[in-house]
Amino acid sequence: MTQKQRYKPLYKKFNRLFENVQSRQKIFNFKKHKWTALINRLKKGNYFRKKNKVLNYNGNTIVPLVEYRKPPKFKKRYRYLMHAAKKINLYYGGLKEKYMRKFVKNIWRHKKKKSKNKILARTEFNFLDIMESRLESVLHRSFFTQSIKNARQLILHGHVFVNGQIIKHGSYILKENDIVEINSKFHEFIRFNIKKSKFGHIQQNSLITNYKTLQILYLNRSKLDTFANLFSFRINIKNVIRYYRYN
Numbered sequence: 140m141t142q143k144q145r146y147k148p149l150y151k152k153f154n155r156l157f158e159n160v161q162s163r164q165k166i167f168n169f170k171k172h173k174w175t176a177l178i179n180r181l182k183k184g185n186y187f188r189k190k191n192k193v194l195n196y197n198g199n200t201i202v203p204l205v206e207y208r209k210p211p212k213f214k215k216r217y218r219y220l221m222h223a224a225k226k227i228n229l230y231y232g233g234l235k236e237k238y239m240r241k242f243v244k245n246i247w248r249h250k251k252k253k254s255k256n257k258i259l260a261r262t263e264f265n266f267l268d269i270m271e272s273r274l275e276s277v278l279h280r281s282f283f284t285q286s287i288k289n290a291r292q293l294i295l296h297g298h299v300f301v302n303g304q305i306i307k308h309g310s311y312i313l314k315e316n317d318i319v320e321i322n323s324k325f326h327e328f329i330r331f332n333i334k335k336s337k338f339g340h341i342q343q344n345s346l347i348t349n350y351k352t353l354q355i356l357y358l359n360r361s362k363l364d365t366f367a368n369l370f371s372f373r374i375n376i377k378n379v380i381r382y383y384r385y386n
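As numbered in my numbering, residues 140 to 386 make up the sequence shown, in order.
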């Protein structure tokens, strides 16, 4: 008999990681004592980000300049690797670990084959490039949905078209000049999400969105600094790759 895994509420995961991974505004309305430490940390982080909006990409880490810290000691390294992997997993809608392990191994093989090209040889860049080219991520980046899970449900029910064809897989990787469209029955729902969104995350340079016709044109990503404003929290992509590659 296989034992069922216990359901863990989403906001409790944020509390354990001590970070609001999905930028949920509802968490600021919680009044119990167990949320005070997390809420105070988030308020301080938002204050510093308003003063210093510049983010730094130094090859391995994407962090706000104010919140940079020294690398952890050897004893705490595994915990930092695990927390980084959980943050990315929650940020992209709770992907399975089997999928993430295969995904990272394929990127590592791709790096060895094309080691001559410096851009393609960067595993961190390839990891973020593919994760952001997923269909569900593109819908969320264009503010068509409030979360990646909502985008995944919209795709699974067959309401999203890529180049005129129905796509039912949220992990579908978009290519250059692909056009994404939404079923006309859900245009009011999409417009409601666009109005409700506060445009907290800057739209990426790889997307051209027409908010009148609700169409998205996906372009090829060519610059490393386009990933600078992806995350509202401190994350080390190299730790994520190490965790899924060796565990």
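Backbone N, C-alpha and C define an ideal beta-carbon position, used for all residues, glycine too.
Predicted model, so just to flag it, every value in this text is computed and none were measured.
### Query
Among residues of its own chain, excluding the 5 on either side of glutamate 158, which ones have a beta-carbon nearer than 6 Å to its beta-carbon?
Taking the sequence shown and counting its residues from 1, one reaches residue 158 at position 19. If we look at glutamate 158 and ignore the five residues flanking it on each side, its Cβ neighbours are Phe372.
### Message
As an exercise, report each continuous beta strand (DSSP E) stretch of at least 3 residues that is fully enclosed by the region 281-316, in chain order.
### Response
You should have 299-301.
### Query
In terms of residue numbering, what span does the beta strand (DSSP E) encompassing isoleucine 269 cover?
Taking the sequence shown and counting its residues from 1, the one referred to as residue 269 is at position 130. Here isoleucine 269 belongs to no beta strand (DSSP E); instead the alpha helix (DSSP H) covers 262-271.
### Query
Are leucine 346 and valine 243 close, meaning C-beta to C-beta below 8 Å?
For the purposes of this step, residue 346 is taken as residue 207 along the sequence shown, with counting starting at 1. For the purposes of this step, residue 243 is taken as residue 104 along the sequence shown, with counting starting at 1. The answer is no: Cβ separation not under 8 Å.
### Query
Where asparagine 349 and asparagine 289 are concerned, what is the direct C-alpha to C-alpha distance, given to the nearest angstrom?
Position 210 of the sequence shown, counted from the first residue, corresponds to residue 349. Position 150 of the sequence shown, counted from the first residue, corresponds to residue 289. Each residue's alpha carbon lies about 20 Å from the other.
### Identity of the residues DSSP links to glutamate 320 by a beta bridge
Within the sequence shown, residue 320 is the residue found at index 181, counting from 1. Note: glutamate 320 sits in a beta bridge opposite Phe300, Gln354.
### Query
Going by other Cβ atoms of all chains shown within 10 Å of its Cβ, with 16 needed for buried, is tyrosine 230 buried or exposed?
For the purposes of this step, residue 230 is taken as residue 91 along the sequence shown, with counting starting at 1. It is buried - the Cβ of tyrosine 230 has at least 16 other Cβ atoms within 10 Å.
### Message
Using the three-state DSSP reduction, which class does lysine 192 fall into: helix, strand or coil?
### Response
Numbered from its first residue, the sequence shown carries residue 192 at position 53. Bear in mind that a pLDDT of 44 at lysine 192, under 50, signals an unreliable position, so the number given afterwards is only what the model happens to contain. Here lysine 192 sits in coil by DSSP.
#### Entry: C-alpha distance - isoleucine 156 paired with lysine 235, whole-angstrom precision
Walking along the sequence shown from the start, residue 156 turns up at place 17. Walking along the sequence shown from the start, residue 235 turns up at place 96. Per the sequence shown, the amino acid found at residue 156 is leucine instead of isoleucine. Rounded to the nearest angstrom, the two C-alpha atoms are 18 Å apart.
### Task
Let me know the secondary structure DSSP gives leucine 229 once reduced to three states.
For this step, residue 229 is matched to residue 90 along the sequence shown. DSSP places leucine 229 in helix when its eight states are reduced to three.
### Message
Taking the alpha carbon of leucine 149 as the reference point, which residue from Met221, Asn228, Lys182, Lys170 has its own alpha carbon closest?
### Response
Position 10 of the sequence shown, counted from the start, is the residue given in the question as residue 149. That would be Asn228, whose Cα lies nearest to the Cα of leucine 149.
### Query
Does the distance from the C-beta atom of isoleucine 333 to that of phenylalanine 370 stay below 8 Å?
Within the sequence shown, numbered from 1, the residue matching residue 333 stands at position 194. Within the sequence shown, numbered from 1, the residue matching residue 370 stands at position 231. Not a contact, by the Cβ cut-off of 8 Å.
### Query
Can we count threonine 352 as close to the ligand NAP, meaning its CB is less than 7 Å from some heavy atom?
In terms of ligand content, the structure shown is empty, and the ligand NAP therefore cannot be addressed.
### Outcome for glutamine 161 when other beta-carbon atoms lying within 10 angstroms are tallied against a minimum of 16
Here residue 161 refers to the residue found at position 22 of the sequence shown. A residue is called buried once 16 or more other Cβ atoms fall within 10 Å of its Cβ, and glutamine 161 is buried on that count.
### Task
Consult DSSP for asparagine 349 and reduce its assignment to one of helix, strand or coil.
In the sequence shown, the residue the question calls residue 349 occupies position 210. Three-state result, asparagine 349: strand.
### Task
Can you tell me which of Lys241, Gly303, His308 puts its alpha carbon nearest to the alpha carbon of lysine 295?
Along the sequence shown, read from residue 1 onward, the residue named residue 295 stands at position 156. Lysine is not the amino acid found at residue 295; the sequence shown has leucine there. Of Lys241, Gly303, His308, the residue nearest in Cα terms is His308.
### Message
So the candidates are Ile318, Lys314, Gln292; which of them puts its Cα closest to the Cα of glycine 303?
### Response
In the sequence shown, the residue the question calls residue 303 occupies position 164. The shortest C-alpha separation from glycine 303 is found at Ile318.
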